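Numbering (this note's numbering), first residue to last: 41 to 464. See structure below.
What follows is the structure in structure tokens.
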């Protein structure tokens with residue numbers, strides 16, 4: 041049988057599962073594409089308004105927020121999702137209080153970073169202070185999103201995210217047209233709408249999420265969320281390490297070039313993350329990673345991987361120039377390499393999400409600490425030795441190791457003769 045014939049036969053046999061996955065992913069993917077498309081439009085204006093150095097300073101505020109986002113205890117988001125998916129609402133308020141308290145401490149870290157960097161990168165001082173002020177609402181009040189995802193209300197989630205994106209980037213474009221110069225204003229406009237939406241949506245959820253549940257189960261989930269957050273601390277720092285290294289070891293302008301190249305791969309990578317989020321409630325009801333879902337994931341990732349590579353070497357270069365302008369032409373090879381790294385790492389994203397959904401703290405900790413530790417060491421060392429290409433190599437290495445370790449855990453712990461339990 042030819043490869044094409046085998047794929048056609050598989051699609052016919054597993055059509056119902058594929059249609060379900062495609063339908064659930066449709067809302068999230070459409071939202072993500074819309075969000076990124078609007079973001080690219082605003083970037084078209086912002087990169088032409090700011091110098092490369094100023095653009096790098098502006099983007100570093102977002103990098104710093106992402107690096108300390110672990111203070112908002114993101115592991116509790118997954119715990120809330122698992123709790124709601126299993127029929128309990130009692131964990132929401134407890135998780136929200138803890139995350140908000142942690143995010144206040146995160147604001148303190150950003151303020152300290154602003155003062156530490158003031159002599160070395162004085163232009164980053166005010167942007168970091170503004171980011172610190174908005175940090176609690178922006179990162180500490182996100183549990184409402186987990187509630188929507190657990191209830192598979194993907195269209196509502198997509199609508200709210202699209203509204204925030206449209207508002208954010210509309211304000212950024214307006215600032216450019218009004219010839220606004222201070223970088224801290226751009227930072228405020230970038231984080232402000234999301235922070236406001238989180239406050240509003242969290243207030244609605246707080247008023248409605250008060251049904252009692254299994255106290256012992258909620259305590260277990262809360263402890264798991266705290267433990268996962270502690271491990272995620274290393275992961276979140278690792279995800280930003282090559283960007284921080286470029287900013288500190290090279291220059292803000294070089295960071296701007298690298299981030300321009302990473303923008304398209306970020307868009308494509310987010311689609312895989314959305315697909316994993318769609319499957320999270322289903323994963324929570326499975327005790328083995330095999331069967332129809334696994335085959336569907338492999339097929340989707342294989343087709344997507346080919347499409348990503350083709351896109352990297354055909355449409356990506358002119359699209360990058362269209363958005364960023366010819367001054368960012370040096371970003372093209374970085375964009376192509378980073379897109380290819382996404383193509384090889386998609387399956388690992390789904391496998392790692394399955395491990396998280398099993399509340400398997402040991403495996404989650406093992407995979408996260410190994411991959412993140414390697415990324416931190418490689419990111420600093422390779423950027424110091426090879427500059428931006430060292431950052432690209434770090435991303436490749438991280439995604440390859442994540443896929444290998446996740447696959448090893450799946451083979452060792454989640455293969456059985458009975459692939460699914462519960463609602464399948």
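Heads up, the beta-carbon is just placed ideally off N, CA and C, and yes, glycines get one too. All figures in this text were calculated on a predicted structure; none of them were measured in a lab.
Integer-rounded CB distance, given that residue j should sit under 8 Å from residue i
i           : j           : result
residue 503 : residue 439 : A query on residue 503 cannot be resolved here, the shown segment of the chain reaching from 41 to 464 and no further.
residue 105 : residue 194 : Actually they do not touch by this definition, with Cβ atoms about 26 Å apart.
residue 115 : residue 307 : In fact, because the Cβ distance is near 26 Å, the residues do not count as touching under 8 Å.
residue 208 : residue 181 : The pair is not a contact, with the Cβ atoms about 16 Å apart (cut-off 8 Å).
residue 412 : residue 275 : 5 Å
residue 134 : residue 262 : 6 Å
residue 187 : residue 132 : 7 Å
residue 241 : residue 200 : 7 Å
residue 363 : residue 80  : 5 Å
residue 419 : residue 281 : 4 Å
residue 446 : residue 384 : Not quite, the Cβ-Cβ distance comes to about 13 Å (not below 8 Å), so this is no contact.
residue 153 : residue 166 : Actually they do not touch by this definition, with Cβ atoms about 13 Å apart.
Distance CB(residue i)-CB(residue j) smaller than 8 Å
i           : j           : result
residue 82  : residue 213 : yes
residue 99  : residue 378 : no
residue 434 : residue 292 : no
residue 271 : residue 404 : yes
residue 139 : residue 112 : yes
residue 268 : residue 401 : yes
residue 204 : residue 249 : no
residue 206 : residue 78  : yes
residue 376 : residue 352 : yes
residue 190 : residue 121 : yes
residue 391 : residue 450 : yes
residue 465 : residue 273 : Here the chain comprises residues numbered 41 to 464, so residue 465 is not present and cannot be evaluated.
residue 414 : residue 441 : yes
residue 125 : residue 227 : no
Inter-residue Cα distance where the pair is residue i and residue j
i           : j           : result
residue 97  : residue 231 : 15 Å
residue 328 : residue 454 : 5 Å
residue 341 : residue 222 : 43 Å
residue 47  : residue 129 : Only weak support is given to the placement of residue 47: the predicted model assigns it a pLDDT of 49, under 50, and the question is left unresolved by the model.
residue 393 : residue 386 : 11 Å
residue 117 : residue 295 : 30 Å
residue 416 : residue 432 : 13 Å
residue 428 : residue 286 : 7 Å
residue 388 : residue 107 : 22 Å
residue 151 : residue 350 : 43 Å
residue 50  : residue 103 : Because the pLDDT at residue 50 is just 45, under 50, the model does not fix this residue reliably, and the value given afterwards should be weighed accordingly. Cα to Cα, the separation comes out at about 42 Å.
residue 158 : residue 149 : 14 Å
residue 162 : residue 170 : 14 Å
residue 145 : residue 359 : 40 Å
residue 215 : residue 234 : 17 Å
residue 245 : residue 217 : 37 Å
residue 458 : residue 335 : Legend: pLDDT at residue 458 = 42, less than 50; position of this residue unreliable, value from coordinates given subsequently. If you take the alpha carbons of residue 458 and residue 335, they lie about 15 Å apart.
residue 407 : residue 119 : 18 Å
residue 211 : residue 255 : 44 Å
residue 448 : residue 337 : 17 Å
residue 444 : residue 437 : 11 Å
residue 141 : residue 147 : 10 Å
residue 372 : residue 179 : 32 Å
Heavy atom of the ligand GDP within 7 Å of residue i beta-carbon
i           : result
residue 298 : For the structure depicted, the ligand GDP is absent and the ligand set is empty, with no information on it obtainable.
Next on the checklist: Which runs of the beta strand (DSSP E) at least 3 residues long sit entirely within the region 343-413? Give them in chain order.
Outcome noted: none
Checklist entry - Below 8 Å, can you find three or more Cβ-Cβ pairs linking the region 415-429 to the region 353-369? => result no
Next on the checklist: Could you tell me which whole alpha helix (DSSP H) segments of length 4 or greater appear in the region 174-242?
Outcome noted: 183-190 and 194-217
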